[in-house]
Amino acid sequence: MSEKDLKDCGVARETLVTLYSRMLLIRRLEEKIAELYPRQEMRCPTHLSIGQEAVAAGVCSALEKDDTVFLNHRCHAAYIAKGGDIRKVMAELYGKKTGCTKGRGGSMHLVDPDVGVIGASAILAGTIPIACGAAMSYKRKKIKRVAVCFFGDAAIEEGTFFESVNLALVWQLPVLFVCENNGLSTCTPLAKRQVPVPIHERVKAFGMPVAAVDGNDALAVYEAARDAVARARKGKGPSFIEASTYRWLEHVGPNFDWSLGYRSKEEVEDAMRRCPVKTFEERLAAAGILTGGQKTMLRDEISERVEDAARFGKESAFPDPHELLEATDG
Amino acid sequence: MAEARRELKYWEAISEATVQAMEADESVFVFGIGVDDPKKIFGTTKAAYERFGAARVFDTPVSENALTGVAIGASLTGSRPVMIHARNDFMYYCMDQLFNHAAKWYDMLGGLMRAPIVVRAIVGRGWGQGSQHSQSLQALFAHVPGLNVALPSSPYDAKGLFLAAIRGDAPTILIENRKLYEVSGPVPKEPYALPVGKGAVLKKGKDATIVAFSQAVQDALEAAAVLKGAGIDAEVVDPRWAKPLDKDLILSSVKKTGRLLVMDTSWKSYGVSAEVAALAAEHAFSDLKAPVARIALPDMPAPTTQALEKVFYPTVGDVVHAVEKLFGRKRKGATRLRPAAKETFTGPF
Numbered sequence: 001m002s003e004k005d006l007k008d009c010g011v012a013r014e015t016l017v018t019l020y021s022r023m024l025l026i027r028r029l030e031e032k033i034a035e036l037y038p039r040q041e042m043r044c045p046t047h048l049s050i051g052q053e054a055v056a057a058g059v060c061s062a063l064e065k066d067d068t069v070f071l072n073h074r075c076h077a078a079y080i081a082k083g084g085d086i087r088k089v090m091a092e093l094y095g096k097k098t099g100c101t102k103g104r105g106g107s108m109h110l111v112d113p114d115v116g117v118i119g120a121s122a123i124l125a126g127t128i129p130i131a132c133g134a135a136m137s138y139k140r141k142k143i144k145r146v147a148v149c150f151f152g153d154a155a156i157e158e159g160t161f162f163e164s165v166n167l168a169l170v171w172q173l174p175v176l177f178v179c180e181n182n183g184l185s186t187c188t189p190l191a192k193r194q195v196p197v198p199i200h201e202r203v204k205a206f207g208m209p210v211a212a213v214d215g216n217d218a219l220a221v222y223e224a225a226r227d228a229v230a231r232a233r234k235g236k237g238p239s240f241i242e243a244s245t246y247r248w249l250e251h252v253g254p255n256f257d258w259s260l261g262y263r264s265k266e267e268v269e270d271a272m273r274r275c276p277v278k279t280f281e282e283r284l285a286a287a288g289i290l291t292g293g294q295k296t297m298l299r300d301e302i303s304e305r306v307e308d309a310a311r312f313g314k315e316s317a318f319p320d321p322h323e324l325l326e327a328t329d330g
Numbered sequence: 001m002a003e004a005r006r007e008l009k010y011w012e013a014i015s016e017a018t019v020q021a022m023e024a025d026e027s028v029f030v031f032g033i034g035v036d037d038p039k040k041i042f043g044t045t046k047a048a049y050e051r052f053g054a055a056r057v058f059d060t061p062v063s064e065n066a067l068t069g070v071a072i073g074a075s076l077t078g079s080r081p082v083m084i085h086a087r088n089d090f091m092y093y094c095m096d097q098l099f100n101h102a103a104k105w106y107d108m109l110g111g112l113m114r115a116p117i118v119v120r121a122i123v124g125r126g127w128g129q130g131s132q133h134s135q136s137l138q139a140l141f142a143h144v145p146g147l148n149v150a151l152p153s154s155p156y157d158a159k160g161l162f163l164a165a166i167r168g169d170a171p172t173i174l175i176e177n178r179k180l181y182e183v184s185g186p187v188p189k190e191p192y193a194l195p196v197g198k199g200a201v202l203k204k205g206k207d208a209t210i211v212a213f214s215q216a217v218q219d220a221l222e223a224a225a226v227l228k229g230a231g232i233d234a235e236v237v238d239p240r241w242a243k244p245l246d247k248d249l250i251l252s253s254v255k256k257t258g259r260l261l262v263m264d265t266s267w268k269s270y271g272v273s274a275e276v277a278a279l280a281a282e283h284a285f286s287d288l289k290a291p292v293a294r295i296a297l298p299d300m301p302a303p304t305t306q307a308l309e310k311v312f313y314p315t316v317g318d319v320v321h322a323v324e325k326l327f328g329r330k331r332k333g334a335t336r337l338r339p340a341a342k343e344t345f346t347g348p349f
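Residue numbers (the working numbering), protein chains in the order written: chain A, 1 to 330; chain B, 1 to 349.
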């Protein structure tokens, strides 16, 4: 897929810089997590989005603060892109009471109702119908909000996905389905799991407006999401975006995994050459939108925020054992 | 007060509660497979549909799991959904959304959000409903932390527990037994909610405690009347909720009488009756004068033919015998039972 020249793309410079800075923040934070993770202080299954940042950044940059997102086990990227607090992410991974969910949920359940992140589930396709329910509330209450659910390519193998697509169309709900297709379910490639018809083609057969985009191109993702969100806000119902991308690291954990043999080192390195952060940075520079000085400033600021978040997480207190039953309904 | 003695049938009480809940709170809506069809869920959604129309009482695709997720999502964003399963056997399809999501939302997400959904689970019984149209799943729902489970046994409870569920903040399953649908009883006209997790002593007694849930309460009350004639003063306790369970009420009765029979409308093993028996063993062991007895369904799918249904479901006679056994009495001839009430539950649905 060819990439647009950012200079004349019709998207505000501010938005383009936001796309980049969000991707960079996600990348730096996750690199920090990968660095700290082996110390055995972050003790929860952690699924990193390194290589997939453009999807979360592109979609969330097309949303308003009051729009809501519903996430899956690989949820750091969209949580951050929607405006979540990275200090709370680090604290959550360390199991501290200052974390997103006070250490109750861990890495796979990052939420913050104040910025519209109101659901994250480790069960594949789990939050897809829940997003539809939120969209139903907005439609019933005539609130011009949109609910967005993020899920991977394997989630569409669950029946709940197709149940949700059907009912979202029947009821014309203001919901956006975002399929982050990284071609892998843990270590199992798409070809072993699904029919050889592109995912978006199958969903289109329901009568769903669909877009297939390069999920490593933040601008392409942003534009598809912007159009889908505008349709939903006008009462024109749901849309589906298939964003093709690539997971650099192992399914869960901080390491490269080509040694497992299910994919080659060359395949991973090829994907890394198409790094969504680096390519976007180069396009911004080529369009004269981001100067070398601005880039350095941004990088320094983000590094500082990441270090601060890591420190905050590590230094925060654990929940008191007496708090165990506090959040429990009677 | 003449008003308080007004009688409604069980299904009419649910219908009235639904209308009153929707009147009181605009965010309440009712949905599920067939809620607006000609039969209107055995009549329970008819009045609400006529009053509030298709915008608030609406049919759905046949997608139970996704619909449960829809209810959760709606509940997170200021709506109060009531989801209905005319056949709760189809709820096995919903287990992911119920157990992994609704039940966990509050605790798993650090107490930041609640998912106050109400699910009406209607259970068939008798008249050949068979293995997939008669399962009562209270033990399953009560086992996974995070869901409240109510089992109304009378028209009064049907209304009061429905309104408790819709006003409460916890996801709640209401288990309605079809055999009770035509039962009449006093129901106050004004809206009222029964307290969550609180049961009731329906008949006071000093000799033995019968703890019964849902439809079994009817059998327990009838048995208690027979036992009275045989010189046994049984207390009938209806916990109303399988979760949270009114442990104090059960234990205070058991400590008073020293004898306990537990009756459940579902299978015996690993069920609600086992939970109540364990409660007595843990906290009232020294008060017990006899081993705890249980009446529940045999561990097998329900048969269809009336010849086998007759022995699959316990009778009032079984209850009487079980209580007499707590006193070491051996049966001499048949206890005189009142003739069985006319069967009100007829097919084909």
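From the three backbone atoms N, C-alpha and C, an ideal C-beta is built for every residue, glycine too. Everything numeric in this text was worked out from a predicted model, so none of it was measured.
Compute the distance between the beta-carbons of Phe-240(A) and Val-197(A), then report whether it is under 7 Å.
Here residue 240(A) refers to the residue found at position 240 when the first sequence is read from its first residue. Here residue 197(A) refers to the residue found at position 197 when the first sequence is read from its first residue. Taking 7 Å as the Cβ cut-off, Phe-240(A) and Val-197(A) do not qualify as a contacting pair.
Return the residue from the list Leu-297(B), Ser-184(B), Cys-94(B) that minimises the CA-CA distance to Ala-274(B).
Taking the first residue of the second sequence as 1, we reach residue 274(B) at position 274. It is Leu-297(B) whose Cα lies nearest to the Cα of Ala-274(B).
Leaving aside the five residues before and after Thr-101(A) along the sequence, list all residues of the same chain whose C-beta is less than 8 Å from its C-beta, in chain order.
Along the first sequence, read from residue 1 onward, the residue named residue 101(A) stands at position 101. Closer than 8 Å at Cβ, skipping near neighbours: Glu-92, His-109, Leu-110, Val-111.
Please check if any C-beta of chain E sits within less than 7 Å of the C-beta of Val-195(A).
The question asks about chain E, but that chain is absent: this structure's protein chains are A and B.
Kindly provide the ranges of any alpha helix (DSSP H) runs that are 4 or more residues long and lie completely inside the segment 220–277 of chain B, ordered along the chain.
Counting only runs of 4 or more, we get 247–257.
Step through the CB atoms of chain B and report whether any lies within less than 7 Å of the CB of Gly-330(A).
Locating residue 330(A) in the first sequence gives position 330, where the first residue counts as 1. Model confidence at Gly-330(A) stands at a pLDDT of 39, short of 50, so the residue's coordinates are unreliable and nothing is read from them.
Could you pull out every unbroken beta strand (DSSP E) segment of at least 3 residues lying fully inside the segment 150–228 of chain B, listed in chain order?
Runs found: 172–177, 184–186, 200–203, 208–212.
Got a sec, what are the start and stop residues for the alpha helix (DSSP H) Pro-276(A) sits in?
Position 276 of the first sequence, counted from the start, is the residue given in the question as residue 276(A). Per DSSP, Pro-276(A) belongs to the alpha helix (DSSP H) from 276–286.
Do you know offhand how far Gly-53(B)'s Cα is from Ala-142(B)'s?
For this step, residue 53(B) is matched to residue 53 along the second sequence. For this step, residue 142(B) is matched to residue 142 along the second sequence. Each residue's Cα considered, the two are about 34 Å apart.
Would the segment 115–127 of chain A and the segment 12–26 of chain B be scored as touching if the rule is three or more Cβ pairs under 8 Å?
These segments do not touch.
Tell me, please, which residues DSSP counts as bridged to Val-82(B).
Taking the second sequence and counting its residues from 1, one reaches residue 82(B) at position 82. For Val-82(B), which the question treats as bridged, DSSP gives the partners Val-30(B), Val-118(B).
7 Å is my cut-off, CB to CB: does Val-70(B) come that close to chain A?
Within the second sequence, numbered from 1, the residue matching residue 70(B) stands at position 70. Chain A, which has a Cβ nearer than 7 Å to the Cβ of Val-70(B), makes this yes.
Which word fits Asp-25(B), buried or exposed, when buried means at least 16 other C-beta atoms lie within 10 angstroms of its C-beta?
Taking the second sequence and counting its residues from 1, one reaches residue 25(B) at position 25. The residue is exposed, with fewer than 16 neighbouring Cβ atoms inside 10 Å.
Helix, strand or coil for Ala-139(B), going by three-state DSSP, please let me know.
For the purposes of this step, residue 139(B) is taken as residue 139 along the second sequence, with counting starting at 1. Ala-139(B) falls in the helix class under three-state DSSP.
What span of residues does the alpha helix (DSSP H) with Arg-87(A) cover, start to end?
As a working note, residue 87(A) is residue 87 in the first sequence. It spans 86–93 - the alpha helix (DSSP H) in which Arg-87(A) sits, taken as one unbroken run.
Quick check on Gly-330(A): buried or exposed, where buried means 16 or more other Cβ atoms within 10 Å of its Cβ?
Taking the first residue of the first sequence as 1, we reach residue 330(A) at position 330. Model confidence at Gly-330(A) stands at a pLDDT of 39, short of 50, so the residue's coordinates are unreliable and nothing is read from them.
Can you name, in chain order, every residue of its own chain whose Cβ lies under 6 Å from the Cβ of Gln-20(B), other than the five neighbours on each side?
Translated into the one-based positions of the second sequence, residue 20(B) becomes position 20. Taken in chain order, the residues that qualify are Pro-191.
Quick one: does Leu-63(A) have its CB under 7 Å from some CB of chain B?
Counting from one through the first sequence, the residue named residue 63(A) turns up at place 63. Answer no: the Cβ-Cβ gap between Leu-63(A) and chain B never drops below 7 Å.
Starting from the beta carbon of Cys-132(A), find every residue of chain B whose beta carbon is closer than 8 Å, and list them in chain order.
Here residue 132(A) refers to the residue found at position 132 of the first sequence. Per Cβ cutoff of 8 Å: Ala-66, Gly-69, Val-70, Gly-73.
Please go through the same chain and pick out, in chain order, the residues whose beta-carbon is closer than 7 Å to the beta-carbon of Trp-127(B), but skip the five residues on each side of it.
Mapped onto the second sequence, residue 127(B) falls at position 127. So the qualifying residues of the chain are Phe-345, Thr-346, Gly-347.
Does the pairing of the segment 60–80 of chain A with the segment 213–230 of chain A give three or more beta-carbon distances under 8 Å?
As far as the Cβ criterion goes, the segment 60–80 of chain A touches the segment 213–230 of chain A, which means the pair count is three or higher.
Using the three-state DSSP reduction, which class does Ala-103(B) fall into: helix, strand or coil?
Taking the first residue of the second sequence as position 1, residue 103(B) is located at position 103. Looking at Ala-103(B) - three-state DSSP - the assignment turns out to be coil, as it is neither helix nor strand.
Using a Cβ-Cβ cut-off of 7 Å (strictly less than) and excluding sequence neighbours within five positions of Ser-164(A), which residues of its own chain qualify?
Mapped onto the first sequence, residue 164(A) falls at position 164. So the list reads Ile-128, Pro-129, Cys-132, once near-sequence residues are dropped.
For Arg-87(B), does the three-state DSSP call read helix, strand or coil?
By one-based count along the second sequence, residue 87(B) stands at place 87. If DSSP states are grouped into helix, strand and coil, Arg-87(B) belongs with coil.
So, with DSSP's three-state summary, where would you put Asn-182(A)?
Walking along the first sequence from the start, residue 182(A) turns up at place 182. Residue state, collapsed to three classes: coil.
Just the Cα atoms here: how many angstroms apart are Gly-99(A) and Leu-16(A)?
Counted from its first residue, the first sequence places residue 99(A) at position 99. Counted from its first residue, the first sequence places residue 16(A) at position 16. For Gly-99(A) and Leu-16(A), the distance between alpha carbons rounds to 30 Å.
Kindly say whether Met-424(B), judged by its beta-carbon, lies nearer than 7 Å to any beta-carbon of chain A.
Within the shown structure, residues of chain B are numbered from 1 to 349, placing residue 424(B) beyond reach of any answer.
Does any C-beta atom of chain A lie closer than 7 Å to the C-beta of Ser-63(B)?
The count along the second sequence starts at 1 and reaches residue 63(B) at position 63. Closer than 7 Å to some Cβ of chain A, the Cβ of Ser-63(B) qualifies, so yes.
Using DSSP with H/G/I as helix, E/B as strand and the rest coil, what is Ser-121(A)?
The count along the first sequence starts at 1 and reaches residue 121(A) at position 121. Ser-121(A): coil per DSSP, three-state reduction.
I'd like to know if Leu-332(A) contacts chain B, where contact means its C-beta is closer than 7 Å to some C-beta of that chain.
Given a span of 1 to 330 for chain A in the structure shown, any question on residue 332(A) remains unanswerable.
Compare the C-alpha of Arg-145(A) against each of Lys-96(A), Ala-205(A), Lys-236(A) and name the closest.
Position 145 of the first sequence, counted from the start, is the residue given in the question as residue 145(A). It is Lys-236(A).
Which residues of the segment 99–113 of chain B have a Cβ closer than 7 Å to any Cβ of chain A? Give them in chain order.
The residues in question are Asn-100, His-101, Tyr-106, Asp-107, Met-108, Leu-109, Gly-110, Gly-111, Leu-112, Met-113.
Which of helix, strand or coil does DSSP assign to Ser-244(A)?
Residue mapping note: residue 244(A) aligns to position 244 of the first sequence, counting from 1. Three-state result, Ser-244(A): strand.
Using a Cβ-Cβ distance cut-off of 7 Å, determine whether Gly-78(B) contacts chain A.
Residue numbering aside, residue 78(B) sits at position 78 when the second sequence is read from its first letter. So yes, Gly-78(B) belongs to the interface.
Three or more C-beta pairs closer than 8 Å, one from the segment 205–219 of chain B and one from the segment 36–56 of chain B: is that the case here?
With a cut-off of 8 Å, the segment 36–56 of chain B and the segment 205–219 of chain B do not count as touching, because too few Cβ pairs lie within range.
For the alpha helix (DSSP H) containing Phe-312(B), name the first residue and the last one.
Counting from 1 along the second sequence, the entry for residue 312(B) is found at position 312. From DSSP, the alpha helix (DSSP H) with Phe-312(B) extends over 306–312.
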